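Q: Chains as they are written, first to last, in our numbering: chain W, 31 to 422; chain C, 47 to 514.
Don't be surprised by glycine CBs; every beta carbon is placed ideally from N, CA and C.
Given the structure is predicted, the values throughout are model-derived calculations rather than measurements.
Encoded as structure tokens, here's the structure I'll be asking about.
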Amino acid sequence: MIRKLLLVLVSTACLLPTAGCWNAKEVNDLAIITGAGIDLTEDGRIELSVKIYLTSPGGTESDGPMTGQPNGDKGTSVIRTVLGINMADAASRLQKMISRKVFWGQAEVFLFGERMARAGLEEPMDFMLRHTASRERSQVFVANGPAKDVLLLTPPVDRSLSDALVSMAEQQTGLNITMKELAQMMVGKSRAAVLPIVHIYPEKDLQDAFPYIAGMAVIKEGRMIGKLDEYTTRGVMWLRNEMKHATVTVKPDESGGYVSLHLLRNHTRLIPSIQGDRWIMTVRITGQDDIVENTSNLDLSEPDHLEQVEREMERFVEERVKLALDTAQKKLKVDIFGFADAFWRRYPKQWMANASRWDEIFPEMEVRLETDIRIARPGLIGKNFFPRQEQR
Amino acid sequence: MKLSRHLRDNVRRLRAVYSDCSDVIFHELRIGGHTPAMLVFIEGMIMLEELDQQVIAPLRDGPGPGPSLEDVRSRTAVASIRTVSTLNELLDEIADGHPVLLVDGLEAALVYGLSHWEQRSVEEPTAESVLRGPREGFIESLRTNIAMLRRKIRSPKLKVITFRLGSQSRTPIAVIYMEGAAAPALVREVLSRLNRIEITDVLETAYIEEWIEDNRFSPFPQLLSTERPDVAASYLVEGHVVIMVEGTPTVLVAPATFFSLLQTPEDYYERYVVGTAIRWLRYFFFAISLLGPSLYVAVVTFHQEMIPTTLMLTMARSREQIPFTALMEAFLMETMFEALREAGARLPKQIGSAVSIVGALVIGQAAISAGIVSAPMVMVVAITGIASFMAPRYTIGIPIRLLRFPIMFLAGMMGLLGVILGVIAILIHLLQLRSFGVPYMSPLAPIQKHGLKDVLFRAPRWNLNRRS
Numbered sequence: 031m032i033r034k035l036l037l038v039l040v041s042t043a044c045l046l047p048t049a050g051c052w053n054a055k056e057v058n059d060l061a062i063i064t065g066a067g068i069d070l071t072e073d074g075r076i077e078l079s080v081k082i083y084l085t086s087p088g089g090t091e092s093d094g095p096m097t098g099q100p101n102g103d104k105g106t107s108v109i110r111t112v113l114g115i116n117m118a119d120a121a122s123r124l125q126k127m128i129s130r131k132v133f134w135g136q137a138e139v140f141l142f143g144e145r146m147a148r149a150g151l152e153e154p155m156d157f158m159l160r161h162t163a164s165r166e167r168s169q170v171f172v173a174n175g176p177a178k179d180v181l182l183l184t185p186p187v188d189r190s191l192s193d194a195l196v197s198m199a200e201q202q203t204g205l206n207i208t209m210k211e212l213a214q215m216m217v218g219k220s221r222a223a224v225l226p227i228v229h230i231y232p233e234k235d236l237q238d239a240f241p242y243i244a245g246m247a248v249i250k251e252g253r254m255i256g257k258l259d260e261y262t263t264r265g266v267m268w269l270r271n272e273m274k275h276a277t278v279t280v281k282p283d284e285s286g287g288y289v290s291l292h293l294l295r296n297h298t299r300l301i302p303s304i305q306g307d308r309w310i311m312t313v314r315i316t317g318q319d320d321i322v323e324n325t326s327n328l329d330l331s332e333p334d335h336l337e338q339v340e341r342e343m344e345r346f347v348e349e350r351v352k353l354a355l356d357t358a359q360k361k362l363k364v365d366i367f368g369f370a371d372a373f374w375r376r377y378p379k380q381w382m383a384n385a386s387r388w389d390e391i392f393p394e395m396e397v398r399l400e401t402d403i404r405i406a407r408p409g410l411i412g413k414n415f416f417p418r419q420e421q422r
Numbered sequence: 047m048k049l050s051r052h053l054r055d056n057v058r059r060l061r062a063v064y065s066d067c068s069d070v071i072f073h074e075l076r077i078g079g080h081t082p083a084m085l086v087f088i089e090g091m092i093m094l095e096e097l098d099q100q101v102i103a104p105l106r107d108g109p110g111p112g113p114s115l116e117d118v119r120s121r122t123a124v125a126s127i128r129t130v131s132t133l134n135e136l137l138d139e140i141a142d143g144h145p146v147l148l149v150d151g152l153e154a155a156l157v158y159g160l161s162h163w164e165q166r167s168v169e170e171p172t173a174e175s176v177l178r179g180p181r182e183g184f185i186e187s188l189r190t191n192i193a194m195l196r197r198k199i200r201s202p203k204l205k206v207i208t209f210r211l212g213s214q215s216r217t218p219i220a221v222i223y224m225e226g227a228a229a230p231a232l233v234r235e236v237l238s239r240l241n242r243i244e245i246t247d248v249l250e251t252a253y254i255e256e257w258i259e260d261n262r263f264s265p266f267p268q269l270l271s272t273e274r275p276d277v278a279a280s281y282l283v284e285g286h287v288v289i290m291v292e293g294t295p296t297v298l299v300a301p302a303t304f305f306s307l308l309q310t311p312e313d314y315y316e317r318y319v320v321g322t323a324i325r326w327l328r329y330f331f332f333a334i335s336l337l338g339p340s341l342y343v344a345v346v347t348f349h350q351e352m353i354p355t356t357l358m359l360t361m362a363r364s365r366e367q368i369p370f371t372a373l374m375e376a377f378l379m380e381t382m383f384e385a386l387r388e389a390g391a392r393l394p395k396q397i398g399s400a401v402s403i404v405g406a407l408v409i410g411q412a413a414i415s416a417g418i419v420s421a422p423m424v425m426v427v428a429i430t431g432i433a434s435f436m437a438p439r440y441t442i443g444i445p446i447r448l449l450r451f452p453i454m455f456l457a458g459m460m461g462l463l464g465v466i467l468g469v470i471a472i473l474i475h476l477l478q479l480r481s482f483g484v485p486y487m488s489p490l491a492p493i494q495k496h497g498l499k500d501v502l503f504r505a506p507r508w509n510l511n512r513r514s
């Protein structure tokens, strides 16, 4: 028995070096990075800015002696900026500037400056994906200008800048792209990606300036080649099956008013087909909507009137999608909708044979739209209760 | 040693044995006013009035000379009369509180079952209380305890084997089993293990428990102890063997498995849906009580990326001014908690509340605001404490409380890897553990399908014993 016990002790001791307490890092010794911004300087160096959460309680005295709770939820942060020849270099320089161990595990937001994005994202992406601590699920954005400017903001509503950006992206009124999705798009068949653009509102040096997400950056072969405005972005999102929350206002013909619909469920399917030499993509958009407002003279308890709204909504969606298609196919000539992957999955042989011609095929491709929108819940009341008496 | 024909010899021997025993009474009398006899008993352990009226009076006032054994026997109106013929037997009977009658000319002594002494009344066992179900608990008297079982199972198949253990204390022990339900091999094994015990005194079942368990070094109990007759009876009908010891309300059930130690009688008294749900809650918190602080230490010192960001930032703030590492903190708090718990258990009830007030302050707010521990740590310790109170039996709770500390150490050294290593080590030990030949983790390992019905969930009663 004693021998057995000794054996257990010895084997446990042998195990210690496999992990070892030198890997231990107490929370007190960490510099927790909540967000990082990557910019390119004029002379081609990487400027890495990180937002470090300040854990030292600044004013615990005000809390009184007995509570001992962290004062409030709103933590303050500091920004540290370093220059380096690449990401790894900058990151190691960053460590030199900070007394605590730099901890990337909680970095929720990565922002690329516009110049950086235009120069190419492959280099920083390699570092961030290779790094063991950083999260693949952190959100990636492109700043409309230098990333550092966005990082310097302290949005008044949320606890932190990262929180604000993440929750805005997750509401999916704008685009929501994680590090993993970006990498997947960048190595996908079309080698094209989109990233949401962060703007600063109203102006960057104002006290209560805050970031908001609008529009998207189009990235091809790792480089940003263009921007889409907010209107076109919505069309792209319909096509990419990313439209989850939206309120759409349409004006049905001869109804004398507006009807607003809220998306309940929405699904977009890409159905590729090759007929002889023609590559055709059928986009099937199905959705169910709620009606949230009706100021028209339609009685929405009548199936006929409902159908009229449905047709109008379908027209609206198609219009938006067509705009996005036109921009991508004719203007930018980039497949940002994942058409290439859809073809590759369905027709792997044909796709392989024509992979090099994809950039020629895509702009000329015929896209057929099939939209089917249903109104699921017209709301508690049918017609508009308060119609304007225009006769009088 | 055989008893002598002569009363004088026997009495001389007895007086020599019971020298300086002022509580042993030697009452001389003449049967029918003629034959000398001696009544020997221990004061305070007999029914004195009954002895006067039913034994002494009829013998004294009865007819004349020449009483034979049968004659003396039939003269008294006592239901339980035995005869013994050796001195050792005689001594055991006297020690049990039975008055014995030695008659001149007889080579045997008569033993009257008129023992009676003060005993605690049957009360609700405090350690195993239930909301629904019988409220009676075993008491310190072996006879009463056996009777309680017999009242639950009236079948003649309930067998009771009694013998004495302890060369000095000569404590009566009962081995109880159901014929037909318990495997004969199991009963033989229990009896043979009990017979191998070399012990001078048996004051509690724990004295024999350590002799008969399979693995003497394991921290886990390999016999189930209970104070409830209904629990003992339910194990009896399932084919287990119950071991009782005179002088303690705690009885042993053999064999015991890990999962039987995690059951409460209430699992079976409540409806099966409720029983199943509560059982799972118990399993979950059992794991928490073993691993709670270790997981916290591992995550906080090694795997900070696993914590949701918002929580991480709050935790980082609360830990900022703590001088100790998370491991130290956990050790400190857990030791403190165990000390408080032990203090509370040993103190009289009136002072107990004072301990809990001071304790709540020590491991609560004061510790946080003094900057010694962080608030999340206090929460983890509190949750672990509550979880450990959920262990249905004290005996299974102790090893878990103990093992928590080495796992905490492993977690502080190696993170989650250490926690897993600790769990694996415990599992290996549990899997090779046996209780009277029954694998400790059965019916989970080795797997028995029909047994799982009473482990993974509590099957409804009409399905519980069906083996398909």
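Can the beta-carbon of residue 301/W be found less than 8 Å from the beta-carbon of residue 347/W?
A: By 1-based counting over the first sequence, the position of residue 301/W is 271. By 1-based counting over the first sequence, the position of residue 347/W is 317. Contact flag unset, no.
Q: Rounded to whole angstroms, what's the CA-CA distance from residue 94/W to residue 435/C? Just pull it up for me.
A: Within the first sequence, the letter at position 64 stands for residue 94/W. Within the second sequence, the letter at position 389 stands for residue 435/C. Note on residue 94/W: pLDDT 37, under 50, position unreliable in the model; the coordinate value appears next. Their Cα atoms are separated by approximately 34 Å.
Q: Check whether the segment 478 to 492 of chain C and the segment 361 to 380 of chain C touch, using three or more Cβ-Cβ pairs below 8 Å as the test.
A: The segment 478 to 492 of chain C vs the segment 361 to 380 of chain C: no contact.
Q: Express the C-alpha separation of residue 332/W and residue 417/W in angstroms, rounding to a whole number.
A: On the first sequence, position 387 is the one that residue 417/W refers to. On the first sequence, position 302 is the one that residue 332/W refers to. Roughly 17 Å between the two C-alpha positions.
Q: Does the CB of residue 396/C have a neighbour CB from chain W at under 8 Å?
A: Here residue 396/C corresponds to residue number 350 of the second sequence, with the count starting at 1. By this cut-off, residue 396/C is not an interface position.
Q: Chain C partners of residue 56/W, CB-CB under 8 Å?
A: One-based indexing of the first sequence puts residue 56/W at position 26. Ordered by position in chain C, the residues that pass the 8 Å Cβ test against residue 56/W are 346, 347, 365, 371, 372.
Q: Taking residue 168/W as the reference, give the member of 422/C, 355/C, 145/C with the closest Cα.
A: Mapped onto the first sequence, residue 168/W falls at position 138. Checking every option, the nearest Cα to that of residue 168/W belongs to 355/C.
Q: Identify every residue that forms a DSSP beta bridge with residue 322/C.
A: Locating residue 322/C in the second sequence gives position 276, counting from the first residue. DSSP lists no partner for residue 322/C.
Q: Sorted by chain position, which residues of the same chain lie with C-beta nearer than 8 Å to residue 449/C's C-beta, five sequence neighbours on each side aside?
A: Within the second sequence, the letter at position 403 stands for residue 449/C. Contacts found: 265, 336, 468, 472.
Q: So, using beta-carbon positions, are residue 293/W and residue 213/W closer together than 8 Å?
A: Position 263 of the first sequence holds residue 293/W. Position 183 of the first sequence holds residue 213/W. No, these two residues do not count as a Cβ contact at 8 Å.
Q: Would you please state the rounded distance, in angstroms, between the beta carbons of residue 199/C and residue 282/C? I believe it to be under 8 Å.
A: Sequence index remark: in the second sequence, residue 199/C carries index 153 (1-based). Sequence index remark: in the second sequence, residue 282/C carries index 236 (1-based). Yes, residue 199/C and residue 282/C are in contact; Cβ-Cβ is about 6 Å, under 8 Å.
Q: Note the first and the last residue of the continuous beta strand (DSSP E) segment covering residue 79/W.
A: Here residue 79/W refers to the residue found at position 49 of the first sequence. Start and end: 76 to 83.
Q: Could you give the residue range of the alpha helix (DSSP H) that holds residue 356/C?
A: Residue mapping note: residue 356/C aligns to position 310 of the second sequence, counting from 1. That run of the alpha helix (DSSP H) goes 355 to 365.
Q: For the segment 401 to 410 of chain C and the segment 380 to 391 of chain C, state whether three or more C-beta atom pairs, one from each stretch, are separated by less than 8 Å.
A: Segments in contact, yes.
Q: What residue from 87/C, 231/C, 474/C has the CA that sits closest to residue 163/C's CA?
A: Locating residue 163/C in the second sequence gives position 117, counting from the first residue. Out of 87/C, 231/C, 474/C, 87/C has the C-alpha closest to the C-alpha of residue 163/C.
Q: Hey, does residue 214/W have any beta-carbon neighbour from chain B nearer than 8 Å?
A: The chain inventory of the structure shown lacks chain B, comprising the protein chains W and C.
Q: May I ask you to report which of helix, strand or coil DSSP gives residue 59/W?
A: Here residue 59/W corresponds to residue number 29 of the first sequence, with the count starting at 1. In the structure shown, residue 59/W sits in a helix (DSSP, three-state: H, G or I).
Q: Would residue 43/W be called buried (16 or more neighbouring beta carbons within 10 Å of its own) or exposed?
A: The residue you call residue 43/W lines up with position 13 of the first sequence. Residue 43/W is exposed by the Cβ-count criterion.
Q: For residue 425/C, which residues in chain W fall below 8 Å Cβ to Cβ?
A: Within the second sequence, residue 425/C is the residue found at index 379, counting from 1. Going along chain W, no residue has its Cβ under 8 Å from residue 425/C, so there is no contact; the nearest lies around 12 Å.
Q: Excluding the 5 residues flanking residue 58/C on each side, which residues of the same chain have their C-beta closer than 7 Å to its C-beta?
A: Working through the second sequence from its first residue, we reach residue 58/C at position 12. Nothing meets the Cβ criterion.
Q: Would you list the residues sitting across from residue 291/W in a DSSP beta bridge?
A: Locating residue 291/W in the first sequence gives position 261, where the first residue counts as 1. According to DSSP, residue 291/W bridges with 278/W, 321/W.
Q: Roughly how far, in whole angstroms, is the beta-carbon of residue 243/W from the beta-carbon of residue 143/W, given that I think they are within contact range, below 8 Å?
A: Here residue 243/W is taken as the residue at index 213 of the first sequence, counted from 1. Here residue 143/W is taken as the residue at index 113 of the first sequence, counted from 1. Between residue 143/W and residue 243/W the Cβ distance is about 16 Å, and since that is not below 8 Å, they are no contact.
Q: Which two residues bound the contiguous alpha helix (DSSP H) that contains residue 253/C?
A: If you number the second sequence from 1, residue 253/C lands on position 207. From DSSP, the alpha helix (DSSP H) with residue 253/C extends over 251 to 258.
Q: Reducing DSSP to helix, strand and coil, say where residue 425/W ends up.
A: Residue 425/W lies beyond the residue range present for chain W, which begins at 31 and ends at 422; the question has no answer from this structure.
Q: For residue 346/C, which residues in the same chain have their Cβ closer than 6 Å to its Cβ, ignoring the five residues on either side in sequence?
A: If you number the second sequence from 1, residue 346/C lands on position 300. Closer than 6 Å at Cβ, skipping near neighbours: 372.
Q: Check whether chain W comes within 8 Å of residue 351/C, counting only Cβ atoms and requiring the distance to be less than that.
A: Your numbering for residue 351/C matches position 305 in the second sequence. Closer than 8 Å: yes.
Q: If you drop the 5 nearest sequence neighbours on each side, which residues of the same chain put their C-beta closer than 6 Å to that of residue 220/W?
A: Translated into positions along the first sequence, residue 220/W becomes position 190. Here the set comprises 365, 370.
Q: When you compare each of 172/W, 183/W, 171/W, 136/W to residue 162/W by their alpha carbons, which one comes out closest?
A: Position 132 of the first sequence, counting from 1, holds the residue named residue 162/W. The shortest Cα separation from residue 162/W among 172/W, 183/W, 171/W, 136/W belongs to 136/W.
Q: Could you name the residues of the same chain whose beta carbon sits closer than 7 Å to that of residue 426/C, not counting the 5 residues immediately before and after it, in chain order?
A: Here residue 426/C is taken as the residue at index 380 of the second sequence, counted from 1. The residues are 338, 339, 342.
Q: For residue 379/W, report the span of its alpha helix (DSSP H) as first-last.
A: The sequence position of residue 379/W within the first sequence is 349, counting from 1. Looking at the DSSP string, the run of the alpha helix (DSSP H) that includes residue 379/W is 378 to 384.
Q: Whose C-alpha, out of 276/C, 293/C, 415/C, 277/C, is nearest the C-alpha of residue 253/C?
A: Along the second sequence, read from residue 1 onward, the residue named residue 253/C stands at position 207. Out of 276/C, 293/C, 415/C, 277/C, 293/C has the C-alpha closest to the C-alpha of residue 253/C.
Q: Can you give the Cα-Cα distance for residue 74/W and residue 199/W, rounded to whole angstroms?
A: Taking the first sequence and counting its residues from 1, the one referred to as residue 74/W is at position 44. Taking the first sequence and counting its residues from 1, the one referred to as residue 199/W is at position 169. In a straight line, the C-alpha of residue 74/W is about 30 Å away from that of residue 199/W.
Q: Based on the DSSP secondary-structure assignment, which residues constitute the bridge partners of residue 158/C?
A: Here residue 158/C refers to the residue found at position 112 when the second sequence is read from its first residue. DSSP, once it has assigned bridges, lists 127/C as partnering residue 158/C.
Q: Tell me whether residue 174/C is buried or exposed, calling it buried when 16 or more other Cβ atoms sit within 10 Å of its Cβ.
A: Residue mapping note: residue 174/C aligns to position 128 of the second sequence, counting from 1. Buried.
Q: At 9 Å on the CB atoms, spell out the chain C contacts of residue 62/W, in chain order.
A: In the first sequence, the residue the question calls residue 62/W occupies position 32. Correct list: 350, 355, 358, 359, 362.
Q: Which residues does DSSP list as the beta-bridge partners of residue 296/W?
A: What you label residue 296/W is simply residue 266 of the first sequence in a count that begins at 1. Residue 296/W pairs with 317/W.
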